[in-house]
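Worksheet: the structure to be examined is printed underneath.
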Amino acid sequence: MSGVEEVIQTNATTGNGVVLAIPNSFRRHNVTIKGSAGVSAGAVQLEASNQYDFAGTWAPIAGSPVSVGDNTELQIAFEGVYNFIRARVSTTIVGGTVTVSYLGGKA
409 MSGVEEVIQT NATTGNGVVL AIPNSFRRHN VTIKGSAGVS AGAVQLEASN QYDFAGTWAP
469 IAGSPVSVGD NTELQIAFEG VYNFIRARVS TTIVGGTVTV SYLGGKA
């Protein structure tokens, strides 16, 4: 997976994205959040869990929810050891969609 971008939220307006298992050797993480044309509101929270199918509240990572804008692309870089991550639309995307991609690698 190192060097290969994985889409973890595709053309979404609400909900949890795909849960991605992170190899233990990965310490560097980059997430791209892309808002489509027409987006007027919404936010994405990056989250982590030690369990793939954890039904409770996942731990927020990389700070607060990221606001999604009209035809914008944001890069979020963070470091650490994570078992599973996902991108959750924490505030409904209005007027368009959001796509979130992950790229990780070794330190």
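Numbering (this note's numbering), first residue to last: 409 to 515. Note that beta-carbon positions come from the ideal geometry of N, C-alpha and C, so glycine has one too. The model shown is predicted, which means the values in this text are computed figures rather than measured ones.
| Asked | Found |
| --- | --- |
| Using the C-alpha atoms, what's the distance from Gln483 back to Thr422? | 20 Å |
| Apply the 10 Å Cβ neighbour rule to Gln453 and answer buried if 16 or more other Cβ atoms are within range, or exposed otherwise. | buried |
| May I ask which residues mark the beginning and end of the beta strand (DSSP E) holding Tyr510? | Val506 to Lys514 |
| Which one or two residues does DSSP pair with Gly492 in a beta bridge? | Going by the sequence as given, residue 492 is Phe instead of Gly. Answer is Ala429 and Ser457. |
| Under the three-state reduction of DSSP, which class applies to Phe462: helix, strand or coil? | coil |
| Smallest Cα separation from Gly503: which of Ala515, Val476 and Val427? | Val476 |
| Can you name, in chain order, every residue of its own chain whose Cβ lies under 6 Å from the Cβ of Glu413, other than the five neighbours on each side? | Ser509 and Leu511 |
| Sort Arg435, Ala467, Gly513 and Glu487 by Cα distance to Arg496 and report the nearest one. | Ala467 |
| Restricting to Cα atoms, I'd like to know which of Ile441, Ile493, Phe434 and Ala515 is closest to Glu481. | Ile441 |
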